[in-house]
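These notes concern the structure reproduced below.
In full-length UniProt numbering, the protein residues as written are 1 to 947.
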């Protein structure tokens with residue numbers, strides 16, 4: 001009993017409003033968010049300004065970046081002045097992105113100081129990912145291809161136009177049926193000796209260039225990778241500049257077909273497209289001829305090494321690493337600040353203090369810093385290698401294999417992990433991060449392409465693994481290797497120790513200890529794979545590779561993480577004398593532990609670590625995250641990203657997040673207005689709901705009585721359908737279409753005077769009050785199964801001349817609204833008011849014919865009869881709103897007396913969104929939209945009721 005009472009008290013305490021709710025930001029108008037962030041910043045263990053200078057490589061760069069942010073913030077062509085980016089349509093996003101590019105190019109031309117120019121470009125990349133990618137496609141991919149593969153003469157011809165955006169370039173590599181397998185590309189470039197031209201052609205559907213950024217709408221030129229055919233011999237892939245669009249009109253050139261890929265997972269402002277070439281001719285020197293070339297006489301000279309054709313992919317992959325910082329820094333700034341402001345729990349703690357929270361976010365913060373340091377080191381190396389392409393071809397050829405292996409492994413390993421970190425940021429913000437207005441969802445969508453763009457990650461990991469296996473084999477043969485794989489030179493010494501020397505957790509804070517462990521794992525895994533592949537032999541090499549594919553990917557992963565840590569350690573050495581160096585060490589220690597955790601399966605499989613040592617690694621990871629959490633807010637502040645760049649109210653610098661978030665949502669487009677579809681669908685649903693509620697309230701016996709009565713009405717309807725009071729003059733002989741109906745096997749009837757009296761063998765029912773012969777109960781009604789009543793005509797009957805084949809236009813009577821089975825269960829009557837005046841008595845008699853339980857006619861006051869003068873002059877009595885409302889009331893009593901449901905169009909048009917109703921005019925007196933469109937209402941009602 002006591003335990004039950006205790007549980008009840010516990011539940012009550014959990015559900016009740018706790019006293020602390022009156023103390024903190026999230027529960028009242030006295031927010032603690034600003035105070036929480038102020039306290040976090042005051043407790044920083046380092047100087048944030050100095051850390052920012054480390055991240056931006058100097059005080060001058062920081063000042064340039066701040067000025068660049070001001071430029072963007074104040075320029076309406078660069079920054080959205082109103083609304084929200086995530087509310088833009090794709091077309092609006094595309095136009096905004098091109099407007100930003102056009103404006104940015106103006107700034108780049110005007111800004112003379114290189115530091116500010118680069119800061120401006122970096123700041124714009126942070127502000128808009130679609131802008132960033134369009135600039136990247138032109139400035140990096142297209143331009144870099146020219147620099148790496150173009151001869152000096154070609155660079156002199158093209159580079160000025162490229163730099164100044166007089167041409168807009170794209171990079172046509174991947175195809176619909178081929179992406180990472182460049183050797184399998186199908187697009188051909190065939191040399192025509194007669195004209196000294198290349199003929200670019202897409203021979204198959206799968207050869208269509210696919211996912212080509214900027215080709216969908218904007219690129220004027222592309223550098224296309226093609227199979228090079230000279231005199232019938234395929235010389236492999238090379239790069240060709242192909243014009244796509246007229247520079248003045250933007251129209252596609254003859255033989256070029258381009259289209260847009262359409263809606264994507266992210267980056268809607270980037271016009272990814274497809275390209276097909278149909279015998280497009282380009283000059284001989286549009287082939288980029290730095291390495292491979294063809295003479296004016298048509299003699300082809302291949303490149304010294306086929307790997308050179310892939311060289312442009314190396315800086316692309318390295319650049320993706322740098323670009324990843326854009327995503328990490330923004331997502332982590334938002335998530336960390338939110339975690340410091342958001343309070344929850346029995347003591348209303350900051351959620352950032354929960355272990356699951358800081359172990360989820362702090363590795364990402366550390367990774368962001370590592371990327372900044374490593375990117376700087378590795379780009380310095382690449383720029384040196386790229387310069388060899390101009391000054392020392394032999395050195396360039398020597399360095400390229402290792403650069404290729406590093407770029408492929410880094411790009412794959414790091415982008416996979418960043419994908420996990422971004423998702424952790426989203427989860428750390430709960431449901432708020434699912435809102436596009438808080439930016440993280442958009443960052444995840446935009447980043448998704450990184451795991452496939454520049455080469456699919458699984459394929460890239462295998463390329464790195466292939467390089468590692470080949471390098472270790474070379475070492476076995478006595479060669480000395482350098483670069484990222486230099487440790488293979490000591491493979492025997494490394495493998496002499498089969499178990500770790502880990503005794504104390506303090507060892508895991510030692511950088512050399514962790515790197516040694518990862519070096520052992522790389523060497524052991526590579527050695528085992530070399531043996532396995534050698535045993536398979538050349539005949540079964542493909543099968544053996546596939547059989548060991550997972551381990552090959554794991555090898556590439558542990559090698560990449562090892563080298564990543566090595567480069568970080570090298571990079572922070574230049575800051576060793578600074579007060580903030582201990583923080584950089586903490587970051588490196590945490591990421592070293594992350595590397596061990598991510599590859600723990602290898603260590604456990606090989607018995608290098610045992611279970612207790614694996615637990616030690618896990619505990620150190622938790623401790624390191626907790627320690628770094630103390631500096632979480634200062635660390636993300638050091639990235640110094642303005643609120644308008646973040647575009648996330650829950651990540652505001654001042655911590656007052658909830659008013660900002662609510663204001664953003666409240667200002668969203670039409671957030672307070674009823675949607676356009678409200679009147680189209682809600683009335684149908686409300687009718688269905690009312691009917692079902694009404695039916696549920698009735699006793700089953702009452703329902704049965706109603707159904708019997710309905711059966712009687714339906715059977716009566718099956719006996720005959722009459723067109724009453726025909727006002728048109730019909731000759732004694734029936735019209736041809738009437739004869740046709742009479743000849744039907746389903747027709748049983750006769751003609752009497754000016755009326756047609758008929759009934760059908762089928763169980764359908766059609767109540768029509770149209771005097772027009774084409775809209776009477778004739779053969780077309782065989783497919784009509786709606787119990788349908790109307791109280792007027794669609795048009796003036798005496799204005800119809802049957803001899804001239806003039807009849808009112810109305811399709812509603814003939815439309816198959818529902819199934820015959822529904823007639824036995826539901827009675828749906830549509831009341832519609834048109835322009836035709838009827839005395840109340842006539843109106844009542846027409847409805848009473850259908851609904852036998854009509855009230856007494858004496859209950860209603862008739863409107864004045866039309867005079868004989870009006871009748872002879874064919875003047876029409878103009879209905880007033882009062883007439884409509886009165887006769888609607890008549891119809892309501894008649895219909896409901898018969899147990900039916902009335903769809904009162906008078907009430908419907910009263911709900912017109914434009915508020916139009918009043919005296920005179922069909923547009924003012926009828927329901928919203930044309931009658932035929934509005935008649936969908938009973939159809940949808942019946943369909944829903946049937947379900």
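Beta carbons are placed, not taken as given, at the ideal position from N, Cα and C, and that holds for glycine.
I need the DSSP call for residue i, collapsed to helix, strand or coil.
i	result
residue 663	helix
residue 193	coil
residue 343	strand
residue 263	coil
residue 210	strand
residue 310	helix
residue 406	helix
residue 236	strand
residue 320	helix
residue 641	coil
residue 349	strand
residue 287	strand
residue 243	strand
residue 502	coil
residue 77	coil
residue 625	helix
residue 446	helix
List the endpoints of the continuous beta strand (DSSP E) containing residue i.
i	result
residue 258	256 to 260
residue 170	169 to 172
residue 958	Only positions 1 to 947 of the chain appear in the structure, and residue 958 is not among them; the question remains open.
Find out if the Cβ-Cβ distance for the pair residue i, residue j is shorter than 8 Å.
i	j	result
residue 518	residue 562	yes
residue 284	residue 296	yes
residue 169	residue 221	yes
residue 411	residue 321	yes
residue 286	residue 318	no
residue 464	residue 560	yes
residue 332	residue 368	yes
residue 69	residue 97	no
residue 456	residue 179	yes
Who are residue i's beta bridge partners in DSSP?
i	result
residue 280	200
residue 521	Looking at the DSSP assignment, residue 521 forms no beta bridge with any residue, so it has no partner.
residue 301	293
residue 178	175
residue 274	259
residue 188	201 and 227
residue 252	245
Report whether the distance from the Cβ of residue i to the nearest heavy atom of the ligand GTP is below 7 Å.
i	result
residue 534	As presented, the structure is devoid of all ligands, the ligand GTP included, so that no description of it is given.
Applying the criterion that 16 or more other CB atoms from any shown protein chain within 10 Å of the CB defines a buried residue, is residue i buried or exposed?
i	result
residue 662	exposed
residue 307	exposed
residue 253	exposed
residue 247	exposed
residue 607	exposed
residue 652	buried
residue 152	exposed
residue 462	buried
residue 233	exposed
residue 468	buried
residue 624	buried
I want to see whether chain D comes within less than 8 Å of residue i, judged by CB atoms only; does it?
i	result
residue 408	Absence of chain D from the displayed structure is noted, only one protein chain being present.
Could you give the first and the last residue of the continuous alpha helix (DSSP H) run that contains residue i?
i	result
residue 545	541 to 547
residue 357	355 to 391
residue 592	581 to 598
residue 491	491 to 495
residue 106	90 to 110
residue 66	59 to 74
residue 465	457 to 476
residue 135	129 to 136
residue 163	152 to 163
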